[in-house]
Every structure is written in C-alpha cells, then in structure tokens.
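Taking our numbering, the leading residue of the sequence shown gets 29, the next gets one more, and so forth. All C-beta atoms, glycine included, are put in the ideal place defined by N, C-alpha and C. Since the model is a prediction, treat every value here as computed from it, not as a measurement.
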Amino acid sequence: MQLALFDLDNTLLAGDSDFQWGQFLIEQGLLNREEHLEKNLQFYEDYKAGKLDIYAFLEFQLKPLSQHPRSFLNELHTRYMQEKIAPMITDKARALVEKHRANGDLLMIITATNSFVTGPIAKAFGIDNLIGTLPEEIDGQFTGRSTGVPSFQEGKITRLNSWLEARGQTLQDFEQSWFYSDSHNDLPLMKLVDKPVAVDPDPTLKAYAEGEGWPVISLR
Numbered sequence: 029m030q031l032a033l034f035d036l037d038n039t040l041l042a043g044d045s046d047f048q049w050g051q052f053l054i055e056q057g058l059l060n061r062e063e064h065l066e067k068n069l070q071f072y073e074d075y076k077a078g079k080l081d082i083y084a085f086l087e088f089q090l091k092p093l094s095q096h097p098r099s100f101l102n103e104l105h106t107r108y109m110q111e112k113i114a115p116m117i118t119d120k121a122r123a124l125v126e127k128h129r130a131n132g133d134l135l136m137i138i139t140a141t142n143s144f145v146t147g148p149i150a151k152a153f154g155i156d157n158l159i160g161t162l163p164e165e166i167d168g169q170f171t172g173r174s175t176g177v178p179s180f181q182e183g184k185i186t187r188l189n190s191w192l193e194a195r196g197q198t199l200q201d202f203e204q205s206w207f208y209s210d211s212h213n214d215l216p217l218m219k220l221v222d223k224p225v226a227v228d229p230d231p232t233l234k235a236y237a238e239g240e241g242w243p244v245i246s247l248r
C-alpha cells in the first residue's frame with residue numbers, strides 16, 4: 029500500500045481555509061473587522077515568512093470558537109463551506125485525490141489549521157483521515173485553547189508518527205509515500221517521504237524543490 033498525504037491550504041484548496049474562516053466571521057458581524065483583519069494578515073505574513081509563533085496564532089485563531097455554542101458554530105460552518113470553501117475546490121485537486129484513491133492508496137489531509145474548520149473540508153474530498161491542530165473541548169464547548177502538538181512544521185511529523193504508531197505502522201511500512209504541499213513550512217515532512225511534490229509553491233519551496241529535482245505542479 030502507498031500513503032498519499034495532502035496539505036490543505038493553498039494546496040488542495042485554491043486559498044486558505046483558516047484565513048477565510050476569519051473573513052467569514054467578520055462578514056457575519058461576529059468579529060471586529062479592523063482589529064481581526066489586521067492581526068489575521070500579520071499572522072499570515074509571518075506564516076509565509078516562516079516565522080509564525082504557532083501558539084500565539086492558535087490563541088488568536090481559536091478564541092472565536094469559545095464565544096458561541098457548538099450548535100451555532102456548526103450552522104455557521106455549513107454556510108462557510110458553501111460560500112468560501114466550495115469555490116476553492118478545483119477540478120484538478122479533486123482529480124489528484126481521485127487518482128490516488130483509484131490506486132488504492134491510504135489518503136490523509138495533514139494541516140496546521142484546526143480540525144473544526146478542516147473536518148468538513150476533508151469530508152468534501154472524501155478523505156476520512158485528517159490530522160489538524162486540535163481545539164480543546166470541554167463538555168461540548170470549545171475553550172479557545174489547543175490541545176496536544178500543533179500539526180505545524182516538525183509537529184506534522186510528530187502527529188503523523190503518533191497516528192501511524194496507533195495503527196501499528198511506520199512510514200517505512202509503505203511501498204511509497206507522497207506529500208503534496210505549497211509551503212516551505214512543510215519541508216521537514218517533505219524531506220521524509222519518498223515522493224515530495226510542490227504544489228503552486230511559495231518562492232522558498234519552489235527554489236528548494238527545483239534544486240532537489242522534486243516535481244512542481246499546479247492545481248489551479
């Protein structure tokens with residue numbers, strides 16, 4: 029069996045699901061536009077520059093989840109999927125996923141964005157396995173904090189190894205392993221798999237991929 033790992037934002041999606049969740053909440057009147065947008069943009073620039081403080085970002089990202097009942101958040105997410113996510117799912121992205129599915133590969137989305145936002149997106153691709161940063165929940169209510177290791181940079185390796193260990197497997201048990209990503213933040217995991225593929229990559233990843241002879245593709 030082969031393993032196909034996919035980053036989500038700006039890889040399988042032609043955009044960033046986390047950034048768009050914030051934009052959606054602003055449009056719903058649930059966040060202050062000026063305050064949130066400025067901070068969101070700064071975190072996004074830090075991410076692209078490879079200097080994101082993941083814990084500061086998660087505190088910012090997850091706080092809105094703690095301010096509303098889960099049932100209300102679920103209703104919001106349904107509209108968010110229709111308005112923000114559906115337009116970001118390209119035919120090329122779906123075709124890539126289906127190519128690996130037809131090959132019988134084990135499919136997984138592995139993303140730094142939290143699992144509340146990304147869970148329904150993974151289902152939209154028909155992918156059952158998701159590793160995302162975990163928002164803490166107590167008695168069905170989000171606390172605004174994260175739990176466990178954030179699936180960001182080297183944290184993706186930690187979380188993937190834990191998931192595989194729970195299955196009685198290691199990465200080396202697969203005939204081939206693939207990882208598709210757009211971001212240089214994913215270089216730690218890309219260097220571990222057999223088949224790293226740069227997807228609409230940022231300049232740093234593109235330069236590295238070309239230097240290593242990795243495939244560079246577009247799903248746009």
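When you compare only the Cα positions, how much space is there between residue i and residue j?
| i | j | result |
| --- | --- | --- |
| residue 224 | residue 236 | 11 Å |
| residue 96 | residue 135 | 32 Å |
| residue 231 | residue 194 | 36 Å |
| residue 183 | residue 199 | 15 Å |
| residue 238 | residue 226 | 9 Å |
| residue 122 | residue 172 | 32 Å |
| residue 91 | residue 162 | 13 Å |
| residue 132 | residue 152 | 19 Å |
| residue 100 | residue 107 | 11 Å |
| residue 201 | residue 29 | 8 Å |
| residue 174 | residue 196 | 26 Å |
Name the one or two DSSP bridge partners that residue i has.
| i | result |
| --- | --- |
| residue 198 | DSSP lists no partner for residue 198. |
| residue 221 | DSSP output for residue 221 lists no bridge partner at all. |
| residue 242 | DSSP, once it has assigned bridges, lists no residue as partnering residue 242. |
| residue 32 | 135, 206 |
| residue 174 | 163 |
| residue 117 | 41 |
| residue 157 | 136 |
| residue 123 | Paired residues: none, contrary to the question. |
| residue 142 | 161 |
For the putative contact between residue i and residue j, defined by C-beta atoms under 8 Å, what is the C-beta separation to the nearest angstrom?
| i | j | result |
| --- | --- | --- |
| residue 207 | residue 217 | 6 Å |
| residue 51 | residue 104 | Residue 51 to residue 104, Cβ: 13 Å. No contact. |
| residue 145 | residue 46 | 6 Å |
Are the CB atoms of residue j and residue i within a distance shorter than 8 Å?
| i | j | result |
| --- | --- | --- |
| residue 304 | residue 189 | A query on residue 304 cannot be resolved here, the shown segment of the chain reaching from 29 to 248 and no further. |
| residue 138 | residue 155 | no |
| residue 116 | residue 41 | yes |
| residue 247 | residue 124 | yes |
| residue 37 | residue 44 | yes |
| residue 71 | residue 65 | no |
| residue 93 | residue 180 | no |
| residue 185 | residue 158 | no |
| residue 69 | residue 205 | no |
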